[in-house]
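A.B. asks: Taken in order, the sequence shown gives residues 0 to 385; the numbers are from numbering that gives the first Met the number 0.
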Amino acid sequence: MTAAPLSLGKVIGDQVSVQDYVDEESIFNIFFKEEKKINEILEKNKSKFIKELWNRFFIEKSFKFTLNKQNEIYIKHHKSDLDQIFRYVNFRYLFHLAGSQKIDLGYPPYILIEPVSTCNLRCPFCYQTDKTFTKKPYMGVMKIELFKKVIDQADLLGTGAITIASRGEPTLHKDLKEMLQYLNTKKNIMEKKLNTNGTFLTEEICHSIFKSNLTQVVISSDHYEKKEYERLRLGSNFESVVKNADMLFNIRKKYYPKSLTEIRISGINNDRNLDKEKFKNFWIKRSDHVTVGLPLERWDTYNNDIHPKINDPCENLWDRMYVWFDGKVNPCDSDYKSYLSYGNANDSNLKDIWENNIIKKLRNDHVSNNRNKIDPCNKCGITFTT
0 MTAAPLSLGK
10 VIGDQVSVQD
20 YVDEESIFNI
30 FFKEEKKINE
40 ILEKNKSKFI
50 KELWNRFFIE
60 KSFKFTLNKQ
70 NEIYIKHHKS
80 DLDQIFRYVN
90 FRYLFHLAGS
100 QKIDLGYPPY
110 ILIEPVSTCN
120 LRCPFCYQTD
130 KTFTKKPYMG
140 VMKIELFKKV
150 IDQADLLGTG
160 AITIASRGEP
170 TLHKDLKEML
180 QYLNTKKNIM
190 EKKLNTNGTF
200 LTEEICHSIF
210 KSNLTQVVIS
220 SDHYEKKEYE
230 RLRLGSNFES
240 VVKNADMLFN
250 IRKKYYPKSL
260 TEIRISGINN
270 DRNLDKEKFK
280 NFWIKRSDHV
290 TVGLPLERWD
300 TYNNDIHPKI
310 NDPCENLWDR
320 MYVWFDGKVN
330 PCDSDYKSYL
340 SYGNANDSNL
350 KDIWENNIIK
360 KLRNDHVSNN
370 RNKIDPCNKC
380 GITFTT
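1) Between D129 and D299, how many whole angstroms is the CB-CB distance? I'm expecting something under 8 Å.
2) Name, in chain order, the residues that DSSP records as bridge partners for V140.
3) How far does the beta strand (DSSP E) with E24 in it reach, from first residue to last?
4) When DSSP builds the beta bridges, which residues end up paired with R263?
5) Considering only C-alpha positions, which residue in the set E24, F132, L200 and H222 is nearest to V216?
6) Compare the Cα-Cα distances from M189 to each of F94, E238, T133 and L295 and report the closest residue.
7) Helix, strand or coil for G105? Go by DSSP, reduced to three states.
8) One question on the structure: do R251 and H288 come within less than 9 Å of each other, judged by their Cβ atoms?
9) Run through DSSP, which three-state label would N329 get?
10) Could you tell me which residues DSSP pairs with A160 in its beta bridges?
11) Check whether the Cβ atoms of P136 and D325 sit closer than 9 Å, and answer yes or no.
12) Measure the C-alpha to C-alpha separation of S211 and K360 and round it to an integer number of angstroms.
13) Quick check on I58: buried or exposed, where buried means 16 or more other Cβ atoms within 10 Å of its Cβ?
14) Compute the Euclidean distance between the alpha carbons of S6 and I381, then round it to the nearest angstrom.
15) From this set, F31, Q152 and K32, which residue's C-alpha is nearest S347's C-alpha?
16) Return the CA-CA distance between L182 and T162, expressed in angstroms with no decimal places.
17) Count the other C-beta atoms from every protein chain shown that fall within 10 angstroms of the C-beta of V366, then say buried if there are 16 or more, exposed otherwise.
18) Assign Y126 to one of three DSSP states: helix, strand, or coil.
19) Identify whether T195 lies in helix, strand or coil by the three-state DSSP scheme.
20) Closest to N315 by C-alpha separation, out of K148, G167 and C379, would be which residue?
21) What ranges does the alpha helix (DSSP H) occupy inside the segment 36–62, keeping only unbroken runs of at least 4 residues that lie completely in it?
22) I'd like to know if G159 contacts chain B, where contact means its C-beta is closer than 9 Å to some C-beta of that chain.
23) Is K236 helix, strand or coil by DSSP?
24) If you draw a straight line from the C-alpha of I283 to the C-alpha of T117, how long is it?
25) Beta-carbon within less than 6 Å of S258's beta-carbon, same chain only, minus the 5 sequence neighbours each way: which residues are those?
26) How many angstroms separate the CA atom of K350 from the CA atom of L155?
27) Under 8 Å by Cβ, that's how I've got K63 and Y92 pegged, so tell me the actual separation to the nearest angstrom.
28) Mind the definition here: the segment 79–92 touches the segment 133–150 only if three or more C-beta pairs lie below 8 Å; say whether that holds.
29) To the nearest angstrom, how far is the alpha carbon of E227 from that of N236?
30) Output the distance between the C-alpha atoms of T214 and N302, rounded to the nearest integer angstrom.
31) What's the C-alpha gap between T170 and D311?
32) Which residue comes first and which comes last in the beta strand (DSSP E) that contains Y20?
33) When the Cα atoms are used, what is the spatial distance from N67 to N369?
34) Report yes if the CB atom of F446 is closer than 9 Å to the CB atom of A160, and no otherwise.
35) Throw me the rounded Cβ distance for the E33 and L81 pair, which I believe falls under 8 Å.
36) Going by Cα to Cα distance, which pick from A164, Q127 and N268 is closest to I110?
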């Protein structure tokens with residue numbers, strides 16, 4: 000299992016930057032200078048949410064959601080293309096609204112696609128340690144035809160972000176290079192990400208990452224010392240992963256100096272005693288951004304005790320969709336055995352799945368204070384800020 004993308008949602012205990020700074024002022028100035036053009040664009044825009052966003056921006060001199068490092072990199076990289084960054088900010092705002100306000104946009108703004116469900120590691124905080132999961136029917140590889148079908152539909156729907164990863168290690172897929180290349184052909188999908196444990200990175204994969212203009216590649220790494228790293232990343236070799244991270248960083252530096260791709264190191268503070276400063280100082284030499292989060296209760300969800308005090312509606316039901324290797328669609332990966340699956344991308348299109356009665360009922364149950372009656376939502380330790 001690889002780490003969750005930063006700031007796609009507001010999970011308590013989620014990944015946070017280690018001593019990082021976002022230059023919001025310079026980002027705001029890009030848009031202040033284009034106020035007249037933006038107002039002209041807004042006259043043709045029919046979305047009340049988008050009009051509200053920009054009207055308030057020019058009055059309050061800030062956005063209604065928090066910008067992270069990845070947002071800063073994207074906007075600055077595309078600052079000469081007003082239409083692109085205007086659409087990008089709109090996507091980020093709508094994504095924020097969907098989860099925080101429980102608004103159904105009519106499509107999933109964010110989709111996570113699983114090329115492979117298996118993993119070569121057995122991290123203690125991951126559901127790959129569940130021996131009832133690491134066998135059929137849960138293990139498998141996505142067909143490239145299904146991947147392309149999902150990407151085509153996502154692009155047409157207006158999905159703004161795709162992450163290649165979920166329950167397994169995506170670099171195990173033999174067609175990963177083709178997947179990344181195909182994803183790069185879709186211009187409506189703005190954030191294109193890959194999560195990996197870094198063990199199988201090769202020169203070919205590294206070049207493919209940058210040629211495919213991924214916005215972010217996340218390497219999951221939980222320590223800066225060999226002994227602790229290999230204890231937490233069971234089955235890995237510390238020196239090999241460090242070497243691969245260096246290779247990725249140096250290939251970008253040498254061959255793609257103007258690349259959009261952000262390299263992030265993402266750690267889990269499993270024992271809650273990680274020296275974050277030392278962690279950052281080690282990994283920032285081979286990345287742009289270092290984040291750390293606490294472990295979440297999702298590696299053995301089904302045997303967790305019911306959380307009587309956690310009954311807030313889960314944002315995942317409104318702001319994302321997971322597509323497993325076999326086409327099965329799920330609202331989250333905490334439910335890694337798909338008790339809550341609400342369709343299959345092999346049989347139906349994504350829009351119909353997103354709006355079917357199964358997921359509508361689940362959303363309604365959550366907002367009606369019935370999360371604590373739903374298995375395994377009532378055993379999931381993930382909750383949200385307001």
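Ideal Cβ positions, reconstructed from N, Cα and C, are used throughout, including at glycine.
C.D. replies: Reading off the structure:
1) 6 Å
2) V115
3) Segment E23 to F31 is the alpha helix (DSSP H) holding E24; no beta strand (DSSP E) there.
4) V217 and H288
5) L200
6) F94
7) coil
8) no
9) strand
10) Y109 and E190
11) yes
12) 38 Å
13) exposed
14) A caution first: S6 carries a pLDDT of 42, below 50, which makes its placement in the model unreliable, though a value can still be read off. Near 14 Å, if we compare the C-alpha coordinates of I381 and S6.
15) Q152
16) 10 Å
17) exposed
18) helix
19) strand
20) C379
21) 47–59
22) Going by chain labels, chain B is absent from the structure shown, which holds only one protein chain.
23) Sequence inspection shows Asn at residue 236; the Lys mentioned does not correspond to that position. Reduced to three states, the DSSP call for N236 is coil.
24) 29 Å
25) F209 and R251
26) 10 Å
27) 7 Å
28) no
29) 11 Å
30) 36 Å
31) 35 Å
32) No beta strand (DSSP E) contains Y20, which DSSP labels as neither H nor E.
33) 33 Å
34) As displayed, the chain neither begins before 0 nor continues past 385, which places residue 446 out of reach and without an answer.
35) 5 Å
36) A164
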